[in-house]
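Note sheet for the following structure.
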Amino acid sequence: MTLEPDLRDALLAAVPSLRAFAISLSGQVDRADDLVQDTLLRALSNIHRFEPGTNLNAWLFTILRNLFHSEYRKRRREVEDPDGSYAGRLTVQPEQGSKLDFEDFRTALAKLPHDQREALLLVGASGFSYEEAAEICGCAVGTIKSRVNRARFRLASVLRVDAEADLGPDSMTRAALQSSR
Amino acid sequence: MTSEKGNNLARVIAEDDLGEKFAADPRLGELSQKRIGDQLRAMYDDLVQQPVPDRFKDLLAELEGKGRGTEK
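Chains A and B are the protein sequences, given in the same order.
Sequential numbering from 209 applies to the first sequence in this note's numbering.
Sequential numbering from 150 applies to the second sequence in this note's numbering.
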């Protein structure tokens, strides 16, 4: 296996976003780092399959996502965890410099069904288009849109992000406020 | 009679589809959606900005070294 400096730099540059995705997906920093390492190794051994000029990050995210899913399925069989609540065990605080005020958000994120969480992370945080996210997850664009939509709705209700609630539940007030923004 | 039964069936399916559609696509106010989006990105950016653990630099350096070794 020959690792060209260019490729090494590109892979290294992708690590921060791969880690962020893996941590948000699994809820555990140690597991996430293992996942990222496996992703890099898998990518290198399959590098001949990567088409130069296409999106390297999307390709890496696809590998990471597939690894996460096969591990997830394996774990679900091993540990009795049918609703995937293991992902909700957010015990590890990501290293130094992290702000605690994301705790509620992380907890709420971990409570989402994993297909909704990954769709939201890809589109809403990692900056992929709906089309790219659909390709990464191997599903239809409409499915991704629906998952993102449901994820947002669920987060909003869990976090009580009721932006308008402070001003009263009156829908006309809400409408007026929104149109005046 | 057969056709009536067929119609009933069709209606039931149509209603189910409708119910599912409503459940699948709940509406979220623009403001709430923006807040969720902002929080998500803030949390995510916080993760992206974390320093890359040495294990990844070491791993890639090691692989690069190996590649050089086999080339010789």
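Built from N, CA and C at the ideal position, the CB exists for glycine as well.
| Check | Outcome |
| --- | --- |
| Classification of L329 (chain A) by the beta-carbon crowding that lies within 10 angstroms, buried from 16 upward | buried |
| Residue-level contact to chain B via CB, D374 (chain A), 8 Å cutoff | Residue confidence for D374 (chain A) is low, a pLDDT of 43 falling below 50, so the modelled location carries little weight and cannot support an answer. |
| Assigned exposure category for A221 (chain A) - 16 Cβ within 10 Å defines buried | exposed |
| For N357 (chain A), the first and last residue of its enclosing alpha helix (DSSP H) | 349-366 |
| Proximity test, Cβ basis, 8 Å: D241 (chain A) and chain B | yes |
| Length of the line joining the Cα atoms of L272 (chain A) and G335 (chain A) | 16 Å |
| Residue range of the alpha helix (DSSP H) that includes R239 (chain A) | 237-253 |
| Contact with chain A by D207 (chain B), beta-carbon distance below 8 Å | no |
| A210 (chain B) versus A:L252, A:F361, A:R362, residue with shortest Cα-Cα distance | A:L252 |
| Which listed residue (A:L233, A:L264, A:L243, A:R257) has its alpha carbon closest to that of D217 (chain A) | A:L264 |
| Exposure of N254 (chain A), with buried meaning 16 or more beta-carbon neighbours within 10 Å | exposed |
| Given D195 (chain B) as reference, the closest of A:I344, A:I231, A:N357 once Cα atoms are compared | A:I231 |
| Test item: CB-CB of I185 (chain B) and A266 (chain A) under 8 Å | no |
| Chain B contact residues for G332 (chain A), given Cβ-Cβ distances below 9 Å | I185, G186, L189, R190, Y193 |
| Proximity test, Cβ basis, 8 Å: L268 (chain A) and chain B | no |
| Test: F313 (chain A) CB closer than 8 Å to a CB of chain B | yes |
| Residue interval of the alpha helix (DSSP H) (run including S225 (chain A)) | 213-234 |
| Short Cβ contact (8 Å threshold) for G332 (chain A) with V349 (chain A) | no |
| Bounding residues of the alpha helix (DSSP H) (the contiguous stretch that carries S181 (chain B)) | 179-197 |
| Where the alpha helix (DSSP H) through A333 (chain A) begins and ends | That residue, A333 (chain A), is in no alpha helix (DSSP H); it is neither H nor E in DSSP. |
| V197 (chain B) beta carbon less than 8 Å from that of A228 (chain A) | yes |
| Assigned exposure category for G261 (chain A) - 16 Cβ within 10 Å defines buried | exposed |
| Straight-line gap, R368 (chain A) to D187 (chain B) (C-alpha atoms, nearest Å) | 15 Å |
| Nearest neighbour of Q245 (chain A), chosen from A:L219, A:R362, A:R358, A:K353 [CA to CA] | A:L219 |
| Any chain B beta carbon closer than 8 Å to R216 (chain A) | yes |
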